[in-house]
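Per the working numbering, the very first residue in the sequence shown carries number 899; after that it's consecutive. We put the beta carbon where it would ideally sit given N, CA and C, even for glycine. Here's the structure, in C-alpha cells; my notes come after.
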Amino acid sequence: MKLHTVETIESCLHEVVLPPNFEYVPLKPLVGPPAKEYKFNLDPFQREAISCLQNNQSVLVSAHTSAGKTVVAEYAVAMALREKQRVIYTTPIKALSNQKYRELHEEFKDVGLMTGDVTINPSASCLIMTTEILRSMLYRGSEITREVAWVIFDEIHYLRDKERGVIWEETIILLPDNVHYVFLSATIPNAKQFAEWISFLHNQPCHVVYTDVRPVPLHHYIYPAGADGLHLVVDETVLLFQLFLYL
C-alpha cells in the first residue's frame, strides 16, 4: 500500500492510502454549488473530509467528541440524495439510530429507520440502522445492499470492541467494492492501519483526516470523601493538582 500526506494547515492532518495499482491524484476543487451549505464556517478537518466526499473517495474522520464529525456525515447524505443514490447510516446502538433518524428526517425527509424494534419507510433513499441490521441484510443478499453508494459508519472505533467488533469487521468485508465509506471515530492510534485495510480490501483510496483540536474544553473534577463540593483538577490548559505539589 502507498501512503501520501496531503498538505494542509497545522490543526489538521490529512493522509491518503492508495492501493498498489493507484497513483496519487490531487483532489479536485468543487465545481458548481455544494450539496449542502452551512451557516457557519467549517473547521479545517471538515473542509478536508468534505473535499474527499466531493471527489467520491472514502474517508476516515478522527476527532474528539463534539468536534463536529457529524457535519461530514450530513454532507455525505446530502450529496447522495442530490445524486439520486442510496446511502446507509449505521450506528452501534438503537438509541443513537433513533436520534440520527430524527435529526436527518427533519432536514432531508427521504429518510428511513431500521432497527430490531422499528421499521419506518424502508424504501427511503437514506436508511438509518444499527450495524447488526446491515450485516444481517448483507448475509441475506438484500437488494438494498446492492443499490447503496455510500455507507456511513458512526463510532467506527467499536471495531476494537472484543465482543462486538467482529460485527463491524464482517460488515465491511461483505460490502461490495463499488461502495464508498465515511468512517467517524473518536481519536484512535491506528487510523492509518485501518485505512490500509480498507484500501486493500476494496481496492480504493481511503483518506484519513485527523485533528486533535478539542473545541469543547475537557474539565476533570473530584469529589473527595468527607469534603464539600467539587474540585477542578484538570482544565484545558493545565493539570491543576501539579500546582499543589509545589505549595
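{"Check": "Consult DSSP for Val959 and reduce its assignment to one of helix, strand or coil.", "Outcome": "strand"}
{"Check": "Count the C-beta pairs between the stretch 1064-1071 and the stretch 1101-1112 that are closer than 8 Å, then say yes if the count reaches three, no if not.", "Outcome": "no"}
{"Check": "Looking at the unbroken beta strand (DSSP E) that takes in Gly930, where does it start and where does it end?", "Outcome": "Run containing Gly930: none; DSSP gives neither H nor E here."}
{"Check": "CA-CA distance, Tyr1121 and Gly930?", "Outcome": "55 Å"}
{"Check": "When we look at the beta-carbon of Pro990 and count the other beta-carbons within 10 Å, is it buried (16 or more) or exposed?", "Outcome": "buried"}
{"Check": "Are the CB atoms of Leu1011 and Val969 within a distance shorter than 8 Å?", "Outcome": "no"}
{"Check": "Which same chain residues, not among the five before or five after Asn953, have their C-beta less than 8 Å away from its C-beta?", "Outcome": "Leu925 and Lys926"}
{"Check": "Say whether chain D places a C-beta atom closer than 8 Å to the C-beta of Thr903.", "Outcome": "The structure shown has no chain D; it contains just one protein chain."}
{"Check": "Compute the distance between the beta-carbons of Cys910 and Thr1109, then report whether it is under 8 Å.", "Outcome": "yes"}
{"Check": "Count the other CB atoms within 10 Å of the CB of Lys998; is the residue buried (16 or more) or exposed (fewer)?", "Outcome": "buried"}
{"Check": "Considering only their Cβ atoms, is the gap separating Leu1072 from Phe1051 smaller than 8 Å?", "Outcome": "no"}
{"Check": "Distance, Cα to Cα, Ile1031 vs Arg1044?", "Outcome": "15 Å"}
{"Check": "Which residues does DSSP pair with Tyr1108 in a beta bridge?", "Outcome": "Leu911 and Ser960"}
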